[in-house]
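Undergrad: Per my numbering, the very first residue in the sequence shown carries number 87; after that it's consecutive. The beta-carbon is built from N, C-alpha and C at its ideal position, and this holds for glycine as well. Could you have a look at this structure, given as structure tokens, before my questions?
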Amino acid sequence: MKQKQLVIALGLTSSLGLVGCGGGSDGDSDNNAAATKTYSVKAIDGYLNGALVWLDVNGDFQNNPGEPTATSTAGGNASLDVTGIDNPEQYSVIVRAIKGKTIDEDTNKVVAADYVMSAPAGQTHVTPLSTLVHVELKRDTSTKTDAEKQADAEKKIADQLGIPEDDVLGDYIADDKDEAAVGAKALVTSGTLPTTAEELKDQSDTTDDGAGGDADTLLSDADTINTLIKTTIATKKSEAGEGGTADLSAIIVSQDGSVDEDTDNDGVADKDEDEGFVGNSNEWFDFDKDGTGDNEDTDDDGDGTLDEDDAMPYDKGETKDTDNDGIGDNADTDDDNDTHKDDADAFPTDGKEWLDTDGDKIGNNADTDDDGDDVIDGDDAFPLDKDESVDTDGDKVGNNADTDDDGDDVLDGEDAFPLDKDESIDTDKDGTGNNADTDDDGDNVLDGDDAFPLDKDESVDTDGDKIGNNADTDDDGDVVSDDDDLDPTDPDIGAPQTAALISFMQESTTLYVGNTDKENDKTTGALEEFTLANNIATITGKYSIGKDGTLTAKNSAQAASNVDTSFDRLILTDNGWEKSSENFELKIDGTQVQLYPSGQSSHNFQVQGSVKDLANLNIHDNAGELENIVKESGNYPAGAKAAIVSLLTLNEKYELKNDKVWFWHGSGNTDDDGQNATTLTEIISDQSAGETPVTTSIKGISLGHDIGVELVTGGVAYFYTMNWNNSTAMSDSGSGTTSQVSARVGSSTWTQATVNSEEILTINVPKSVQDTWGDKYRAGDTPIVSVYQSALYIGKYMAANSSESDNSALLMNATAKTALLGSVDIPLYKCSSKEREDSNLTLADLDSAIEWCGLAQAITSEMITGKNFNRVKGNGDTRDYTFNSNGTVKVTKNSDSNDTYTWNWTIAGNYVKLYNVDETDNSQWYWAITDIKDNGWAILTYENHQTTASDDTNFVALWASVVTNQDIGTPTACTITEKESGATYADFSSELAACTNKPSMTVDKVTSIYRISGSKETRAYVLNPNGNMLYFRNGVPREMTWEMNSDDIMVWKENGTIVDYLRVIKDLGSTSDVAFFAPEESEVWVSTLTDTEPFGNVQNCNTGDSDWDDAKDRPVAFTTYAAFQTSFDGCINSSVRTATFVDKELLDRTITFQTTDERLTFNPDYSGTLNDINETTGVIESTHSFTWSIHDADRGILKFVLTYSDDNNQSQSLNQYLAITSSNGIEFAIKGFWDHTAWETESDYTTGQGEIFSRTYSHPDAKSKIDGL
């Protein structure tokens, strides 16, 4: 994922339409409207047509404003619009049957009375029986789950009616559950059901069942009716006799609770009908006693308002019911049911409004400026206070009244940034506060590099004496005045000690200088031996340094430069450019020491320096250029001495490296570029390409990786950081291409002159440019370019009497050299740079990779026959390869003799080939040695895995590993009893004491190890020899200490409390089996710990990653979640799977992951935050909240969802999916996929598409804590 793209996406300013979530809708939707989501339910006594139905979102049984509401149609069907409600199944449904309006399809008559029903959450059939279940469930105060409570309620109702439990809920009409239907009908005709939602709520509530409160009359009355129905049905069945069919349709219960008749079959018991209407199936009541039945009467209550206009046609004191709660507005104290009493409601008949703060007759909910202060509510911190609108610090005191607006405890009058809580001071008055400013004092030195970040006149304090170097007369604190100091910033180099240097050389006679080189990621060491005779020290030996410090003399071919066969360096002499001798001489000339190429004494330097007694000093800290191949522990012995020397030019000098100039032609075609310039004239440009030119239009020369200079006629030099990434991209119109641009970072001058008959071009590179480029630039203040043998080469100019600090060296005596070599520890070179998986790879690709990595030694049959090689996988599993003389190789998994298989082997050129040939497996595997140390081989392998097994995956890959020649051994003679509880230290130490041949547990350098638990959690440990350690639990660091006790058992402590005892019981090379005892849990277990290196050996798997279009802030091409799954599966098939995101295990407490520009925090309550981080300053620039869940438990894929409003106030959301491809417990290589609703207007976008990316994350404090350990 490209830099900041998530946050860029959050701030999109395009006019994007809001696209809603789909689901459940049968209708079509146009492209500009949100998709509608519906929830289908049924209202049943008989099927009720014309009943009011609503989803009880807030659980108060009332039909509140905003709750999904509908009127049922034929068949009792109702469709609720639940757009924006994620899970409507979690809410109950309420149905209100309305007297005189709702039709019961059993009789095709309007219902004779109001009644209200409900159903538990998730039930879509609302019936009288579901109402009883719901009320029972709500009144159950036990600790049972809702599912258990509902099951109890169903059983209770079923027992009352004498019907199966499965008949209680559901559509008893469609399912022909006649007995359930009779019971439901009786609850209605008897008047048992509540008549209002308020009454139903009261019956469901147990809080006021005490004295004077509402008792559960509904349930007790229903019990009576249900029992009556059960008895009546039993009687009917008895009367029908065995084999007969009982007629249950005529059963009807009157409102006095007795079984009655319904002579006219109008659904009303005879005894409940008004006089004169029994036998009249069209009438049963005459509410106003005017002699006309209610069904015929157009004004049932005789209040002068026609029924069709009367919301309360059976109440002459009411005509309106604004909120449809069954209570007329005259009696209702809250007409619109918005929970605000009418006498306190500015809009008593508008359920969406109740306040009108500014009295403009527009309710606050609709009003965009409630207090009328001309500040929109969304921008107003005090939308109900016309005198305030801003509250910068969120302290509930508006800025007009607040004396400290940003709450940073600095009064506004003293605060340079009164509205920024993170800033109060601006030292350099540049408008950027000191906390965000990377250069507080404006001296062009970043604060992190500035010893005096608030003093523009100082930035460096070499000796740490709190006096800046500009004012300090002794910068390095070596008691030698800067004016007299050879190197005023190096305390080891003071006033010239030439006499002491000469004496040291003469008494030592043999001197040694070491250096290191890194080529193709491989570190090598070399040593040169100088022997003094007649006051001239010449090179008498050149050696390569072995991994254990042994020396191997170089032959002439090895000693020659490996850069070019023609020369290593050119020096300018009176005769022009000459090849420099590869050897140098040190000459004692009276009171001076000089250095020059052998036979070229005119190109001489004065050697300056001081002699240092190294006895008892740390070898690593005093190893000169060899420090990066020396162990951190160990001291020099007595007699070890060295001279720390540097060079001083006695006159002007010019040198060219064997480094041809890389020439950018600026033609727009990079194929023209290369080391092909032959004259100085052709690299000069007539005019500049500009401040931010198209990269391929710059005519210039390279000064390092992606940096260079443009030389313009007239002597002006412009310096650029070149942008070659995505050198072409889609144009804004979507067609054609637009080249990327580079950035000019500074300017200076260049000159050209003839010196000793050679044309030399000199470039002045400003310090500001060098600082900008950092480690990319190493050509010095004044690089030069000149012609040699019709080619341009780059080099450097050295002014007379200038110190060549980059040519300082450590000149050791024999005692120091021997001690240093004894401390050398060069790690095995594992050529990981050439690893890749590609089905098109062939053995020739291994040949090519080995040519780059280097072949340490060809493998012969003598090297492997009869021997065993052990390999440790990334997850700690082991493989042993035993090569038999008969051409077979036995592979043993995890030292388990019962888990083996056999392949074949043969020598194939410089490699060993392992292979299998049978009907199902035709795989081949070649090993090549890239490095050797002791019994270990670093190997680069070519594996062509081809099998017909259905549960396997074929692949072809180059990958690197390490194998160790060791005996396969026998199971360790150590029995540790694992216990989850009840273990004691005495038992643990006793079993360890009985173990034989336990490995040692020395920590002589900073050591990092990790393990993956059975639940795929990570644990990492970083131990320092000084007794400090860090414990990383799922990537989160905690500080602890370690020590060895008298039982030779390691003890880990946190804040002085013992956390674990542990002991290595088996050393497997890069892994170890370790026994643990946790005293707090009384637990003993054995785990495998694997060696690791923090921040370096966890690599991303970039398979399938998308390219990013910076100009359009979107992927170049959208891809799918399915493609992400495939890419991820490929990553874990071609590498060792480590940790996974596991719900409530890996994320059982807050965890934070950070990369260069973002921080992700996951909380155990499934909430989280995304922080956008400024890459330069590290400051958090914005924060966004999200929710997360485990999306795919099998793959360990975590999903988080982030919603926000864009600049057009349109709701947007993005979904991001993350999975771990590799981890060492400190770093986590994560592969991800994200989609974004803002992309839905892109012409090539399909819903659900997005970008695949790979990034490495770690805890924000991980590196600093390790560095400070």
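What three-state label does DSSP hand Ser872 in the structure shown?
TA: Residue numbering aside, residue 872 sits at position 786 when the sequence shown is read from its first letter. Of the three classes helix, strand and coil, the one that applies to Ser872 here is strand, per DSSP.
Undergrad: Locate the beta strand (DSSP E) running through Glu1361, then write down its first and last residues.
TA: As displayed, the chain neither begins before 87 nor continues past 1355, which places residue 1361 out of reach and without an answer.
Undergrad: Below 6 Å CB to CB, which residues in the same chain sit around Thr595 once its five sequence neighbours on both sides are set aside?
TA: Here residue 595 is taken as the residue at index 509 of the sequence shown, counted from 1. Result list for Thr595: Leu618, in chain order.
Undergrad: Thinking just about the alpha-carbon of each residue, which of Asp1007, Thr1157, Asn972, Val1170 is nearest to the one in Thr1070?
TA: Here the question's residue 1070 lines up with position 984 in the sequence shown. The candidate whose alpha carbon is nearest that of Thr1070 is Val1170.
Undergrad: Are the CB atoms of Gln592 and Ser696 within a distance shorter than 8 Å?
TA: Translated into positions along the sequence shown, residue 696 becomes position 610. Translated into positions along the sequence shown, residue 592 becomes position 506. Their beta carbons are not under 8 Å apart, which means Ser696 does not touch Gln592 by this criterion.
Undergrad: Could you tell me whether the Cβ atoms of Val1228 and Lys1102 are closer together than 8 Å?
TA: Taking the sequence shown and counting its residues from 1, one reaches residue 1228 at position 1142. Taking the sequence shown and counting its residues from 1, one reaches residue 1102 at position 1016. In this structure, Lys1102 lies closer than 8 Å to Val1228 by Cβ.
Undergrad: Going by alpha carbons, who is nearest to Asn368 out of Asp309, Ala452, Leu941, Val197?
TA: Counted from its first residue, the sequence shown places residue 368 at position 282. Measuring from the Cα of Asn368, the nearest candidate turns out to be Val197.
Undergrad: What span of residues does the alpha helix (DSSP H) with Ile588 cover, start to end?
TA: In the sequence shown, counting from the first residue as 1, residue 588 sits at position 502. Residues 584-594.
Undergrad: Would you call the CB atoms of Ala283 and Asn150 closer than 8 Å?
TA: If you number the sequence shown from 1, residue 283 lands on position 197. If you number the sequence shown from 1, residue 150 lands on position 64. No, these two residues do not count as a Cβ contact at 8 Å.
Undergrad: Taking a contact to mean a Cβ-Cβ separation below 8 Å, would you say Gly1334 touches Ala1305 in this structure?
TA: Stepping through the sequence shown from its first residue, residue 1334 is reached at position 1248. Stepping through the sequence shown from its first residue, residue 1305 is reached at position 1219. Cβ atoms of Gly1334 and Ala1305: not closer than 8 Å.
Undergrad: Figure out for me which residue from Asp867, Asn410, Ser834, Asp252 has the closest Cα to the Cα of Leu797.
TA: Start at 1 with the first residue of the sequence shown, and residue 797 comes out as number 711. When each option's Cα is compared against that of Leu797, the closest is Ser834.
Undergrad: Pair every Cβ in the region 1182-1197 with every Cβ in the region 1115-1122, then say whether three or more of these pairs are closer than 8 Å.
TA: No, the region 1182-1197 does not touch the region 1115-1122.
Undergrad: Sort out for me which residues DSSP pairs Asn990 with in a bridge.
TA: What you label residue 990 is simply residue 904 of the sequence shown in a count that begins at 1. Partner(s): Thr974, Tyr1001.
Undergrad: Just to confirm my understanding: we take Ala432, look at its own chain, exclude 5 residues before and 5 after, and list those with CB closer than 8 Å. What are they?
TA: Position 346 of the sequence shown, counting from 1, holds the residue named residue 432. These residues qualify, in order along the chain: Glu439, Trp440, Leu441, Asp442, Gly449.
Undergrad: Does the Cβ-Cβ distance between Val775 and Ser783 come in under 8 Å?
TA: The residue labelled residue 775 in the question sits at position 689 within the sequence shown. The residue labelled residue 783 in the question sits at position 697 within the sequence shown. One detail in the question is off: residue 775 reads as Ala in this sequence, not Val. It is a contact, given that the beta carbons lie within the stated cut-off.
Undergrad: Which of helix, strand or coil does DSSP assign to Val1222?
TA: For this step, residue 1222 is matched to residue 1136 along the sequence shown. No answer about Val1222 holds up, because its pLDDT of 49 lies below 50 and its placement is not dependable.
Undergrad: Unbroken beta strand (DSSP E) runs of length 3 or more, entirely within the region 554-579: which are they?
TA: Qualifying beta strand (DSSP E) stretches: none in this window.
Undergrad: Compute the Euclidean distance between the alpha carbons of Ala623 and Leu637, then round it to the nearest angstrom.
TA: The count along the sequence shown starts at 1 and reaches residue 623 at position 537. The count along the sequence shown starts at 1 and reaches residue 637 at position 551. So the two alpha carbons sit approximately 21 Å from each other.
Undergrad: Let me know if Ala1079 comes out buried or exposed under the rule of 16 or more other beta-carbons within 10 Å of its beta-carbon.
TA: Working through the sequence shown from its first residue, we reach residue 1079 at position 993. It counts as exposed.
Undergrad: Distance, Cα to Cα, Leu847 vs Gly662?
TA: Mapped onto the sequence shown, residue 847 falls at position 761. Mapped onto the sequence shown, residue 662 falls at position 576. Distance between the alpha carbons of Leu847 and Gly662 is about 15 Å.
Undergrad: Measure the alpha-carbon distance for Asp396 versus Val268 and round it to whole angstroms.
TA: Residue numbering aside, residue 396 sits at position 310 when the sequence shown is read from its first letter. Residue numbering aside, residue 268 sits at position 182 when the sequence shown is read from its first letter. The straight-line gap from Cα to Cα measures roughly 33 Å.
Undergrad: In whole angstroms, what is the alpha-carbon distance linking Ala487 and Ser475?
TA: Counting from one through the sequence shown, the residue named residue 487 turns up at place 401. Counting from one through the sequence shown, the residue named residue 475 turns up at place 389. Roughly 11 Å between the two C-alpha positions.
Undergrad: Just to confirm, is the Cβ distance from Asn135 to Gly152 under 8 Å?
TA: Here residue 135 corresponds to residue number 49 of the sequence shown, with the count starting at 1. Here residue 152 corresponds to residue number 66 of the sequence shown, with the count starting at 1. No, the Cβ-Cβ distance between Asn135 and Gly152 is not below 8 Å.
Undergrad: Three Cβ pairs or more, each shorter than 8 Å: is that satisfied between the region 756-763 and the region 731-738?
TA: Output reads no: the region 731-738 does not touch the region 756-763.
Undergrad: Excluding the 5 residues flanking Asp172 on each side, which residues of the same chain have their C-beta closer than 7 Å to its C-beta?
TA: Translated into positions along the sequence shown, residue 172 becomes position 86. Here the set comprises nothing.
Undergrad: Is the CB-CB distance between Ala137 and Ser178 below 8 Å?
TA: Counted from its first residue, the sequence shown places residue 137 at position 51. Counted from its first residue, the sequence shown places residue 178 at position 92. No. Outside cutoff.
Undergrad: Pairing CB atoms from the region 1120-1136 with CB atoms from the region 932-942, are three or more of them under 8 Å?
TA: Not touching, per the Cβ criterion.
Undergrad: Of all the beta strand (DSSP E) runs that stay within the bounds of the region 661-740, which reach a length of 3 or more residues?
TA: Counting whole runs of 3 or more residues, the region 661-740 contains the beta strand (DSSP E) stretches 662-665, 670-675, 678-683, 691-699, 727-735.
Undergrad: Please report the straight-line C-alpha distance between Ala1046 and Val958, rounded to a whole angstrom.
TA: Your numbering for residue 1046 matches position 960 in the sequence shown. Your numbering for residue 958 matches position 872 in the sequence shown. Cα to Cα, Ala1046 sits roughly 12 Å from Val958.
Undergrad: For chain C, is any of its Cβ atoms less than 8 Å away from the one on Val795?
TA: The structure shown contains no chain C; it is built from a single protein chain.
Undergrad: For Ala332, I'd like the list of residues in its chain whose CB is within less than 6 Å of its CB, leaving aside the five on either flank, ordered along the chain.
TA: Start at 1 with the first residue of the sequence shown, and residue 332 comes out as number 246. Excluding residues within five positions, the ones whose Cβ falls inside 6 Å are Lys322, Lys323, Ala326.
Undergrad: Considering just the uninterrupted stretch of the beta strand (DSSP E) at Met1130, what are its terminal residues?
TA: As a first step, residue 1130 must be located in the sequence shown, where it is residue number 1044. Where Met1130 is concerned, the enclosing beta strand (DSSP E) stretches over 1122-1130.
Undergrad: Can you give the Cα-Cα distance for Trp1013 and Thr799, rounded to whole angstroms?
TA: One-based indexing of the sequence shown puts residue 1013 at position 927. One-based indexing of the sequence shown puts residue 799 at position 713. Cα-Cα distance, rounded: 56 Å.
Undergrad: CB Phe557 to CB Val546, shorter than 8 Å?
TA: Within the sequence shown, residue 557 is the residue found at index 471, counting from 1. Within the sequence shown, residue 546 is the residue found at index 460, counting from 1. In the sequence as presented, Phe is not what sits at residue 557; that position holds Ala. Not closer than 8 Å, so no.
Undergrad: Looking only at DSSP bridge pairs, what is Pro504 linked to?
TA: Residue mapping note: residue 504 aligns to position 418 of the sequence shown, counting from 1. According to DSSP, which records beta bridges pairwise, Pro504 is partnered with nothing at all.
Undergrad: Please classify Gln837 as buried or exposed, where buried requires at least 16 other C-beta atoms within 10 Å of its C-beta.
TA: The residue given as residue 837 occupies position 751 in the sequence shown. Per the sequence shown, the amino acid found at residue 837 is Thr instead of Gln. It is exposed - the Cβ of Thr837 has fewer than 16 other Cβ atoms within 10 Å.
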